[in-house]
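Trainee: Residue numbers (the numbering used here): 15 to 201.
One structure, as structure tokens, below. Some questions next.
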């Protein structure tokens with residue numbers, strides 16, 4: 015059991031490092047100041063599934079993640095507009111008893127931050143970057159004001175960059191991981 019706890023701890027350390035660096039780097043490269051990701055229980059969005067901590071490991075009901083880059087060297091804000099919290103990686107930003115409509119709450123969060131460019135995962139080229147379902151897109155767009163709707167862009171680079179990029183901490187341990195995988199395969 016200790017190996018499992020150590021593994022979960024390492025997953026969370028790496029995830030926090032990735033959230034702090036790769037999301038910010040990719041958003042700034044793309045000129046995006048808000049990135050909205052939506053997943054549903056039993057229908058995982060590929061990128062969301064890779065952003066959940068070791069204890070959460072899957073979407074519950076509808077899970078909405080929001081990254082907001084306020085610029086000026088400040089850290090990217092990470093929010094979850096979800097019924098259930100996601101540990102320490104994303105700040106809970108929805109209280110259903112206060113605002114029962116999850117999409118309306120998302121629209122409020124977006125309006126409060128007033129981003130210039132709002133990216134969603136949508137791609138004609140790769141399924142890994144095509145996580146926004148049509149129904150989620152329609153519901154999100156219906157909740158937004160006309161001025162905010164015009165700022166929503168389909169983006170595939172953020173998702174691909176997130177999935178393909180490794181941090182120095184991950185790369186330092188990868189040779190050992192590959193060696194173990196080869197040993198298991200050989201066995």
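Where is the CB? At the ideal position from N, CA and C, for every residue including glycine.
In this text the structure is predicted, and so the values were computed from the model without any measurement.
What are the boundary residues of the beta strand (DSSP E) that includes residue 49?
Mentor: Translated into the one-based positions of the chain shown, residue 49 becomes position 35. Where residue 49 is concerned, the enclosing beta strand (DSSP E) stretches over 48 to 54.
Trainee: Terminal residues of the continuous alpha helix (DSSP H) containing residue 158?
Mentor: Counting from 1 along the chain shown, the entry for residue 158 is found at position 144. Unbroken run through residue 158: none, as it is neither H nor E.
Trainee: So which of 21, 46, 154, 139 has the shortest CA-CA distance to residue 117?
Mentor: In the chain shown, counting from the first residue as 1, residue 117 sits at position 103. Ranking the options by Cα distance to residue 117, first place goes to 154.
Trainee: Return the CA-CA distance between residue 133 and residue 200, expressed in angstroms with no decimal places.
Mentor: Position 119 of the chain shown, counted from the start, is the residue given in the question as residue 133. Position 186 of the chain shown, counted from the start, is the residue given in the question as residue 200. Spanning the two alpha carbons is a distance of roughly 43 Å.
Trainee: Report all residues from its chain with a CB closer than 8 Å to the CB of residue 163; omit the five preceding and five following residues, and keep chain order.
Mentor: Against the chain shown, residue 163 aligns to sequence position 149. Excluding positions up to five away in sequence, the list reads 155.
Trainee: For residue 190, does the three-state DSSP call read helix, strand or coil?
Mentor: The residue labelled residue 190 in the question sits at position 176 within the chain shown. Helix at residue 190.
Trainee: Roughly how many angstroms lie between the CA atoms of residue 89 and residue 37, to the nearest whole one?
Mentor: To locate residue 89, count along the chain shown from 1; it is residue 75. To locate residue 37, count along the chain shown from 1; it is residue 23. Going from the Cα of residue 89 to the Cα of residue 37 covers about 10 Å.
Trainee: Determine the contact status of residue 167 and residue 138, defining contact as a CB-CB distance below 7 Å.
Mentor: The sequence position of residue 167 within the chain shown is 153, counting from 1. The sequence position of residue 138 within the chain shown is 124, counting from 1. Their beta carbons are not under 7 Å apart, which means residue 167 does not touch residue 138 by this criterion.
Trainee: On the three-pair Cβ rule with 8 Å, is the stretch 26 to 41 touching the stretch 176 to 186?
Mentor: Taking 8 Å as the limit for Cβ pairs, the verdict is that the stretch 176 to 186 does touch the stretch 26 to 41.
Trainee: Around the C-beta of residue 84, are 16 or more other C-beta atoms found within 10 angstroms, so that it is buried, or is it exposed?
Mentor: Taking the first residue of the chain shown as 1, we reach residue 84 at position 70. Flag for residue 84 reads exposed.
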